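J.:
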Amino acid sequence: PKGNLHDIPDEAFDVVEKKLKDSGVGVYCFGSTIANWGKKIDDPFDLSEVERCIPRMKRLGSKYVRIMSYAVREGEDQMEEERFRRLREITNRFLDAGLQPVHENCMNY
């Protein structure tokens, strides 16, 4: 199946990992969809992508992961307090695991 490395099923990730290792290809950074423009800040907060991403990054020896800062909302209220609370939690999960999140500012913060 096609998808991001942190989203594909475990069996598919195992295949990808083997093919990468067999061909000597490394993965410097995961280009994740964590907190990207397709996710609304007022949706329930879910860390499942982060929790799947961390062990997969470690298996591939990746040290960096791209994160974003949620979709821009209509109007003035961008829910900054909640937005930054979530980003701190996401960031801390990666840092606690010895991994470095990097922020892509494609639309907002």
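Numbering (the working numbering), first residue to last: 149 to 257. For glycine and all other residues, C-beta sits at the position ideal for the given N, C-alpha and C. Bear in mind that the values here come from a model prediction, so they are computed numbers and not experimental data.
Taking the CB atoms as reference points, tell me whether Pro249 and Ile215 lie closer together than 7 Å.
T.: As a working mapping, residue 249 is identified with position 101 in the sequence shown. As a working mapping, residue 215 is identified with position 67 in the sequence shown. Yes.
J.: Give the DSSP-derived three-state secondary structure of Leu193 in the structure shown.
T.: Locating residue 193 in the sequence shown gives position 45, counting from the first residue. In the sequence on display, residue 193 carries Phe and not Leu. DSSP places Phe193 in coil when its eight states are reduced to three.
J.: Between the alpha carbons of Glu237 and Ala183, how many angstroms are there, rounded?
T.: Numbered from its first residue, the sequence shown carries residue 237 at position 89. Numbered from its first residue, the sequence shown carries residue 183 at position 35. Distance between the alpha carbons of Glu237 and Ala183 is about 12 Å.
J.: Between which two residues does the beta strand (DSSP E) carrying Val213 extend?
T.: Residue 213 sits at position 65 when you count from the first residue of the sequence shown. Per DSSP, Val213 belongs to the beta strand (DSSP E) from 212–215.
J.: Let's see if you can read the secondary structure: which residues bound the alpha helix (DSSP H) around Val164?
T.: Here residue 164 refers to the residue found at position 16 when the sequence shown is read from its first residue. Its alpha helix (DSSP H) spans residues 158–170.
J.: Can you say whether Phe235 is buried or exposed, counting buried as having 16 or more other CB atoms within 10 angstroms of its CB?
T.: Reading the sequence shown from its first residue, position 87 is the one you call residue 235. Per the sequence presented here, residue 235 reads as Leu, with Phe not at that position. Of the residues assessed, Leu235 falls on the buried side of the cut-off, its CB having 16 or more other CB atoms within 10 angstroms.
J.: Of all the options Phe242, Lys187, Leu247, which has the alpha carbon lying nearest to the alpha carbon of Arg231?
T.: Here the question's residue 231 lines up with position 83 in the sequence shown. If we check each option's Cα against that of Arg231, Lys187 comes out closest.
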